Amino acid sequence: MPETAFEPWKDPSAKPLIQFRNVTKRFGDFVAIDDLSIDIFEKEFFALLGPSGCGKTTMMRMLAGFETPTSGTIMLDGKDISPIPPNKRSVNMMFQSYALFPHLTVYDNIAFGLKRSKMPKDEIDARVKEMLRLVQIEKFGNRKPEQISGGQRQRVALARALAKAPKLLLLDEPLSALDKKLRQETQFELMDIQEKTGTTFVVVTHDQEEAMTVASRVAVMDHGKLKQVDTPDQIYEAPNSTYVADFIGDVNIIEGHATTQGDTVAIAWAEGQPSIIGTPTRPGMAGKVSFAIRPEKVAISAEKPKDLNNVVQGKILDIAYLGNLSTYHVALPGGITIKAQTANSRRRARRPFTWDDEVWLSWTDTAGIVLDS
Amino acid sequence: MRRLTWFNATSLTLGFAFLYIPMIIVIVYSFNESRLVTVWGGFSTKWYGELLQNEAFLDAAWVTFKVGLVSSIIATILGTMGAYVLVRGGRFFGRTLFSGMIYAPLVMPEVITGLSLLLLFISIGLDRGLFTIILAHATFSMCYVSVVVSSRLVSFDRSVEEAALDLGCTPFEAFRLVTLPIIAPAVISGWLLALTLSLDDLVIASFVAGPSATTLPIKVFSSIRLGVSPEINALSTILIGIVTIGTFAASLTTKRAVMRKDRERRLAEQ
Amino acid sequence: MNIRRIALISVPYLWLLALFMVPFLIVFKISLSDIALAIPPYTPTLDISGGWTEVRSFFSQLDFENFEFLATDDLYWKSYLSSLKIAFISTFICLLVGFPIAYGMANAPKEWQPTLMLLVILPFWTSFLIRVYSLIGILSQEGMLNQFLMWIGLIGEPLTILNTNIAVYIGIVYTYCPFMILPIYATLIKLDGSLLEAAEDLGCSRTEAFWRITVPLSKAGIIAGCFLVFIPALGEFVIPSLLGGSDTLMIGKVLYEEFFANRDWPVAGAVAVILLLILIVPIVLYQRNEQKIMEAEK
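Shown next, in the form of structure tokens:
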């Protein structure tokens, strides 16, 4: 059954739920957000990804109403929200520390926001029970936050923030306090809940794996600016800068000098070596460039492969065996080290290479990406 | 590592003997039949009876109680506000002066606090009495309350308050429904501290109390200047008894609470 | 919302300004005035209704005469010196008494510690006056201490202890000891026992390990305890007036007597101002030590 892809950002007639218009936020001399504009659409699962101090938390706090922009406007549903205090916004937040009220039971924590909105008592009860069911903690309604486990607390925080059915739910590092296994399970549940409730989620995270898994679009941030906003596969396969390429996943970066050759570019990167042939990201690329290629796209072989433009010889320096994968660190002439990854798809395969072996590395013309440096 | 060597045992025994023997002697001699305070004349509770008939002491005790109760309540309210302003108030004009005024009375010699307040009351023409003692006590004990409450405020996660705002509370509601219940134990111990300081205070009260109001410490002070008396022993015993019972009750309650929390935490891990 | 914030800040702020700052400024002003046979017993008094000239003449009558008087009269500078000496010596004795107690507490079995802690805090909640009072009976001529010393045969005649400086030292050490014990205990309890084991492993004897590891690492607590005893002891009034003799000079007592007995308010004000100036040094040092402890904990 063909399914229409959910891509409102490609539809020029779609109305965004959130609009940042040239937003700048300064704390004293420090510029946390630097002239940033972005649209986020209804029902999106939007991830703000970046290292600590990149401004992602500030963006979220401005959406929640705890900070006001120094200049620029933030619109929710076409209305400027700057003058609206946090308690009047149809935006709820799930805090990194969960911020559960320690003196109230799980039930009362979830009912807290509903009581503030003067909802009739029986409706509150029905809504709280619905929320407890949604996050599968029906049994723990009468317990206090300190009487439940970390994973359960995370669910209470989510249920509490969702209870008021906000237009927008903000999640600040929602899974960072959980251990790895629980985190992976919860990622899928989070996506499930987002789909069921149809709420727009904006998640802040420094964990790229988490962002890639849950989000419909990922915004990579650095120093208060957006580096790239795109779907997870585009971010990974078509990064627009070495920063993004390096921040997401593992990458080899080779600096060189490019000249256009028809549809391709040839990159001279070391003396006495054949040029690397790559596909340009924009027409007419020339001059200093960076060639970025993911380790899993570099093939490693004992024999020199035929019919490929990009073939180099090198010596194995190090082997990292990760179980499912092996990564080879191969030294090329000219002092560059390239990582090549192979999947260990057979259990008792003899390891084909060992330290100090001379091997051939190869890749296709479209495997890497040529970026301006 | 933690073992009781002879050195530690000796220093603990001698140390606590030093701290407690004088008070124990007072307690023992309060039950002495004889008026002579150094000679044991047999067991008797007659000094307690005499104490309860001593109008001057009873009046002073009543004044002290009224002053303590009112001043500690004012101090708790003002001190909690002060702590909130210090920790959550952000920047405002004269913040440094404010925090200085919160901390300074803690180290100010009582004679200076007393003297300066008395001179204030005189220069604005306020009659000295119950009211001035209450003002003076509320002022210096609010600073102690502030310190106790602010250390609790500093240690708790600010995002809990933000969560309340996020869920639709006004700032005042957030304080009433979330902050206050969380800091309540600190507010209560601040109040107890303020009450104790007020009930105990001699120096400041003797400056700002007029002839119309005498507190118990002033009365006790003037009577022990004349020497040791069995009535004062009886009074001391009563006061020491109240404090001991109170302290033990408080420590038992906290111990119970800690044990309950431990149990609940184990429950959560299952 | 903003009005609420202003109200929240201004209520405690104005209260402290009116009842802490203003009174202190009044003390300062009176210390610059002259004694007079009037009500209030000093001059000049400010009468704003007299306008600008009145204010100017008011200021022109203020002078530092009282401070000059303090400097020339033996009684005052001797009292300051003697207060400093008494506070200093009793702080030192307090340390000698308090450290072993804190050390014993920190090394006591774990299940005893809450009880021992309670026993140190209990006197703290007990009336200060009553604790001083309890010493009077013991230190007097026919008191317990003399009876005990004669019973073991150490002395033949009862000693005069009460109403001397010795009684003042005993009183300060007795009442302020918990202030010394608690901060030292707090640092000792945090001391990692494996440090001492490491020191012994590296060849230190027990005593050496104590002096080279335990003492330096509890320095912050020792300093805090010393200031917590020294600062209040310096301005102490109750102890010298109940336990001390007529020749015990302590500045808190002098101030009290100057004010109530001699009714010389301007001199009492000047005594207070100088006492505060002396106190600023230990207070600043104490604050710095506290900051160091806070930073070390982060």
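Sequence order for the protein chains is E, G and H. If you count the first sequence from 1, position 306 lands on 306 in the working numbering, and the numbers rise without skipping. Every position in the second sequence, counted from 1, becomes a number in the working numbering once 1000 is added. Every position in the third sequence, counted from 1, becomes a number in the working numbering once 2000 is added. Yeah, the Cβ is synthetic: ideal placement off N, Cα and C, and Gly gets one too. Since this is a predicted model, take the numbers as computed values, not measurements.
When the beta-carbon positions are compared, Ser-97(E) and Ser-1159(G) come within less than 7 angstroms of each other. The beta carbon of Pro-1217(G) sits closer than 6 angstroms to those of Leu-1202, all from its chain and outside the five residues before and after it, given in chain order.
Shortest Cα-Cα distance from Pro-2232(H) to any of Asn-2146(H), Leu-2195(H) and Phe-2088(H) involves Phe-2088(H).
For Leu-2195(H), the enclosing alpha helix (DSSP H) covers residues 2193-2201. With distances taken between CA atoms, Thr-260(E) lies nearest to Ala-286(E) out of Ala-286(E), Trp-269(E) and Leu-76(E). The region 80-87 of chain E makes no contact with the region 125-137 of chain E; the number of CB pairs closer than 8 angstroms stays below 3. Residues of chain G with a Cβ closer than 8 angstroms to the Cβ of Ser-82(E) do not exist; the shortest Cβ-Cβ separation is about 16 angstroms.
Note that the region 16-33 of chain E touches the region 66-75 of chain E; at least 3 beta-carbon pairs, one per stretch, sit closer than 8 angstroms. Within the region 43-100 of chain E, complete beta strand (DSSP E) segments of at least 3 residues are found at 45-49, 71-76 and 91-94, given in chain order.
If you draw a 10 Å sphere on the C-beta of Glu-2142(H), you find fewer than 16 other C-beta atoms in it, and that means exposed. Met-1023, Ile-1025, Val-1026, Tyr-1029, Val-1037 and Thr-1038: these are the residues of the region 1023-1043 of chain G whose beta carbon lies less than 8 angstroms from some beta carbon of chain H, given in chain order.
Taking the beta carbon of Ser-1159(G) as reference, the chain E residues within 8 angstroms of it are Phe-95, Gln-96, Ser-97 and Ala-99, listed in sequence order. Annotated three-state conformation of Gln-2061(H) is coil, per DSSP. Going by beta carbons, Ala-245(E) and Val-289(E) fall outside the 7 angstroms limit. Within 7 angstroms of the CB of Pro-1181(G), the CB atoms of chain E belong to His-103, in sequence order along the chain. Exposed is the label assigned to Gly-334(E), since fewer than 16 other Cβ atoms lie within 10 Å of its Cβ. Among the CB atoms of chain H, one or more fall inside 7 angstroms of the CB of Leu-1119(G). The shortest CA-to-CA distance from Leu-1165(G) to any of Ile-277(E), Arg-89(E) and Thr-231(E) is the one to Arg-89(E).
Excluding its 5 nearest sequence neighbours in each direction, Val-2254(H) has C-beta neighbours in its own chain below 6 angstroms: Ser-2079, listed in chain order. Exposed is the label assigned to Val-1028(G), since fewer than 16 other Cβ atoms lie within 10 Å of its Cβ. DSSP places Gly-256(E) inside the beta strand (DSSP E), whose first and last residues are 252-261. Non-local C-beta neighbours of Ile-124(E) in its own chain, meaning closer than 6 angstroms and more than five positions away in sequence, comprise Ala-111 and Leu-114, ordered along the chain. With contacts defined as CB atoms closer than 7 angstroms, Tyr-2076(H) and Pro-2266(H) fail to qualify as a contacting pair. Close CB contacts of Val-229(E) within its chain, under the 7 angstroms cut and outside five residues either way in sequence, are with Ile-38, Arg-217 and Ala-219 (chain order). When the Cα atoms are used, Val-1111(G) and Arg-1176(G) turn out to be separated by approximately 38 angstroms. A straight line joining the alpha-carbon of Gly-249(E) with that of Phe-66(E) spans about 33 angstroms. With a contact defined as Cβ atoms closer than 8 angstroms, Val-2273(H) and Phe-2028(H) qualify at about 6 angstroms.
Interface criterion not met: the Cβ of Val-2055(H) is under 7 angstroms from no Cβ in chain G. Counting only runs of 3 or more residues that sit fully inside the region 291-349 of chain E, the beta strand (DSSP E) segments are 299-301, 310-321, 325-331 and 337-343, in chain order.
For Asp-1166(G), the nearest CB of chain E lies under 7 angstroms from its own CB, placing it at the interface with that chain. Within chain G, the residues Leu-1165, Gly-1168, Cys-1169 and Thr-1170 have their CB atoms less than 7 angstroms from the CB of Asn-87(E), given in chain order.
Between Tyr-328(E) and Ala-343(E), the gap from beta carbon to beta carbon reaches 7 angstroms or more. Residue state for Gly-278(E) is assigned as strand, using DSSP reduced to three classes. Only residues of its own chain outside the window of five on either side were considered, and among them Leu-175 have a CB closer than 6 angstroms to the CB of Arg-183(E), listed in chain order. Judged by DSSP secondary structure, Val-203(E) falls within the beta strand (DSSP E) whose first and last residues are 200-205. Taking 7 angstroms as the cut-off, the Cβ atoms of Ala-1213(G) and Val-1063(G) count as close.
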